[in-house]
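Trainee:
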Amino acid sequence: MNASSPIGIFDSGVGGLSVLLEIRRSFASEDLLYVADSACVPYGDKSPQFVEARSVAIAEFLVDRNAKAIVVACNTATGAAITTLRSRFSVPIVGVEPAIKPAAEKTASGVIAVLATSGTLSSDKFAKLLARFGGDVDILIQPCAGLVEQVETGELHGEKVRALIAKYVLPLLERGADTIILGCTHYSFLAPLIREIAGPGVSIVDPNAAIAHELRRRLESNGLLSPDLRSGTERFWTSGAPDDVKPVISQLWNADVEVRRLPKRYCSQDILFRAPG
Ligand code: DGL
Numbered sequence: 395m396n397a398s399s400p401i402g403i404f405d406s407g408v409g410g411l412s413v414l415l416e417i418r419r420s421f422a423s424e425d426l427l428y429v430a431d432s433a434c435v436p437y438g439d440k441s442p443q444f445v446e447a448r449s450v451a452i453a454e455f456l457v458d459r460n461a462k463a464i465v466v467a468c469n470t471a472t473g474a475a476i477t478t479l480r481s482r483f484s485v486p487i488v489g490v491e492p493a494i495k496p497a498a499e500k501t502a503s504g505v506i507a508v509l510a511t512s513g514t515l516s517s518d519k520f521a522k523l524l525a526r527f528g529g530d531v532d533i534l535i536q537p538c539a540g541l542v543e544q545v546e547t548g549e550l551h552g553e554k555v556r557a558l559i560a561k562y563v564l565p566l567l568e569r570g571a572d573t574i575i576l577g578c579t580h581y582s583f584l585a586p587l588i589r590e591i592a593g594p595g596v597s598i599v600d601p602n603a604a605i606a607h608e609l610r611r612r613l614e615s616n617g618l619l620s621p622d623l624r625s626g627t628e629r630f631w632t633s634g635a636p637d638d639v640k641p642v643i644s645q646l647w648n649a650d651v652e653v654r655r656l657p658k659r660y661c662s663q664d665i666l667f668r669a670p671g
């Protein structure tokens, strides 16, 4: 593994592609490996142990493919697994968490809202985040069952997703929220619709630029930024059925891409239920 090696990125499904897009914008010459754990999506309603075991298996795959750094492009997996991943793997590991601090600095009404999966909102990591940065503002917590599944179908504008967003967002506005945090990488693809439903007076806070920034900092400090001048490549894997997942990845990535099946040894029930540690 060296500075010319690829960067590995994973999520429960296609949500992490929102992070991948930002990474591609910021790192033109890096080679990128992306894993969608589509056989196990959504992570949000699974146990932390399950999500941790899946995260370890996928990180093993990425390290076996020579990844020089790993981006956990999933708030739920970051909450459940980042400590274990950092203790098990020596490459830099960057996670994603709801951006409470920037939202608390931004709000004028003093009320901010977090949209996330129930897995993220019930994690110890999120409790610590609230304790650390949430002191001076009211924080409304909104689990958004069904939104991840909606993004997985690639249906980002239909009546069903519109109704779900209205159900989750409008009560937050009635309670005074003027800042909404996208605490799940899938929701970035719904940001235009959330913005439309919430109206112009509400700020939407998306952490993707901050993740790319942190990745640059970690690569630089480890001497791992790519020295190559050519355009970087992307490769995609799924634990689900490639034929089903390929159209949605191609839609969200804006290009017709090849999607391979994640090798069985990183998907087996043994790995799914193996206790990490
Ligand atoms: N993109 C994941 C996140 O950021 C979605 C989790 C899920 O699969 O429920 O939390």
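The numbers in the numbering used here rise by one with no breaks, and the one at position 79 of the sequence shown is 473.
Positions of the beta carbon are idealized from the N, C-alpha and C atoms, including for glycine.
Note that the structure is a prediction, hence the values are computed from the model and not measured.
1) My output table needs one value for Ser398: the three-state DSSP class, helix, strand or coil.
2) Just the C-alpha distance for Leu566 and Ile559, rounded to the nearest angstrom, thanks.
3) Start and end of the alpha helix (DSSP H) containing Thr470?
4) Since Ala498 and Phe527 should fall inside the 8 Å C-beta cutoff, what is the C-beta to C-beta distance between them, to a whole number of angstroms?
5) Can you check which of these residues, Ser620, Gly634, Asp532, is closest to Ser423 by C-alpha distance?
6) Take the Cβ of Asp572 as the centre, count every other Cβ of all protein chains shown within 10 Å, and call the residue buried at 16 or more, exposed below.
7) Evaluate the contact criterion for the segment 531-539 versus the segment 592-612: three or more CB pairs, one atom per stretch, below 8 Å.
8) What three-state label does DSSP hand Phe630 in the structure shown?
9) Residues bridged to Val563 by DSSP?
10) For Ser589, report the span of its alpha helix (DSSP H) as first-last.
11) Quick one: Cα of Ala453 to Cα of Tyr437, how far?
12) Where Asp431 and Ser615 are concerned, what is the direct C-alpha to C-alpha distance, given to the nearest angstrom?
13) Closer than 8 Å is the cut-off here; do at least three beta carbon pairs connect the segment 460-467 with the segment 439-447?
14) Grab the span of the beta strand (DSSP E) containing Val429 for me, first residue to last.
15) Starting from Pro492, trace the beta strand (DSSP E) in both directions and tell me its first and last residue.
16) If you follow the alpha helix (DSSP H) that Asp638 is in, where does it begin and where does it stop?
17) Any heavy atom of ligand 1 closer than 8 Å to the beta-carbon of Ser441?
18) Could you tell me the boundaries of the beta strand (DSSP E) in which Leu534 lies?
19) Less than 8 Å separating the Cβ of Asn469 from some heavy atom of ligand 1?
20) If we count Cβ pairs, one from each stretch, closer than 8 Å, do we get three or more for the segment 467-482 versus the segment 505-522?
21) Is the segment 602-612 touching the segment 540-556, taking contact as three or more C-beta pairs under 8 Å?
22) Whose CA, out of Ala606, Glu549, Glu628, Leu427, lies closest to the CA of Val457?
23) Leaving out five residues before and five after Arg668 in sequence, what residues of the same chain have Cβ atoms less than 7 Å from its Cβ?
24) Does the Cβ-Cβ distance between Ser412 and Cys434 come in under 9 Å?
25) Does DSSP put Thr579 in a helix, in a strand, or in coil?
26) Using only the alpha-carbon positions, how far apart do Gly671 and Arg629 sit?
27) Please state if the CB of Ile575 and the CB of Pro657 are separated by a distance shorter than 9 Å.
Mentor: With the given structure in hand:
1) Three-state DSSP puts Ser398 in coil, outside helix and strand.
2) Rounded to whole angstroms, Leu566 to Ile559 spans 11 Å at the Cα level.
3) Thr470 -> alpha helix (DSSP H) spans 469-482.
4) Right, the Cβ-Cβ distance comes to about 6 Å (below 8 Å), so this counts as a contact.
5) Residue Ser620 holds the alpha-carbon nearest to the alpha-carbon of Ser423 among Ser620, Gly634, Asp532.
6) Under this definition Asp572 is a buried residue.
7) Touching, no.
8) Assigned with DSSP and collapsed to three states, Phe630 falls in strand.
9) According to DSSP, Val563 bridges with nothing at all.
10) In the sequence on display, residue 589 carries Arg and not Ser. Judged by DSSP secondary structure, Arg589 falls within the alpha helix (DSSP H) whose first and last residues are 585-592.
11) Their Cα atoms are separated by approximately 16 Å.
12) Taking the straight line from one Cα to the other gives about 30 Å.
13) Judged by Cβ distances under 8 Å, the segment 460-467 makes no contact with the segment 439-447, as fewer than three pairs qualify.
14) It spans 426-430 - the beta strand (DSSP E) in which Val429 sits, taken as one unbroken run.
15) Pro492 -> no beta strand (DSSP E), and no H or E assigned at all.
16) Here the alpha helix (DSSP H) through Asp638 covers 636-647.
17) Incorrect: Ser441 has no Cβ contact closer than 8 Å to ligand 1.
18) Looking at the DSSP string, the run of the beta strand (DSSP E) that includes Leu534 is 532-537.
19) Asn469 Cβ: within cutoff of ligand 1.
20) At 8 Å Cβ cutoff, the stretches touch.
21) The segment 602-612 is not in contact with the segment 540-556.
22) Ranking Ala606, Glu549, Glu628, Leu427 by Cα distance to Val457 puts Leu427 first.
23) Caution applies to Arg668, whose pLDDT of 49 falls short of 50 and renders its modelled position unreliable; the value that the coordinates give is listed next. Excluding sequence neighbours, Arg668 sits near Ala447.
24) No, Cβ-Cβ distance for Ser412 and Cys434 is not below 9 Å.
25) Three-state result, Thr579: helix.
26) With a pLDDT of only 40 at Gly671, under the threshold of 50, the placement of this residue in the model should not be trusted, and no figure is reported.
27) With contacts defined by Cβ atoms closer than 9 Å, Pro657 and Ile575 do not form a contacting pair.
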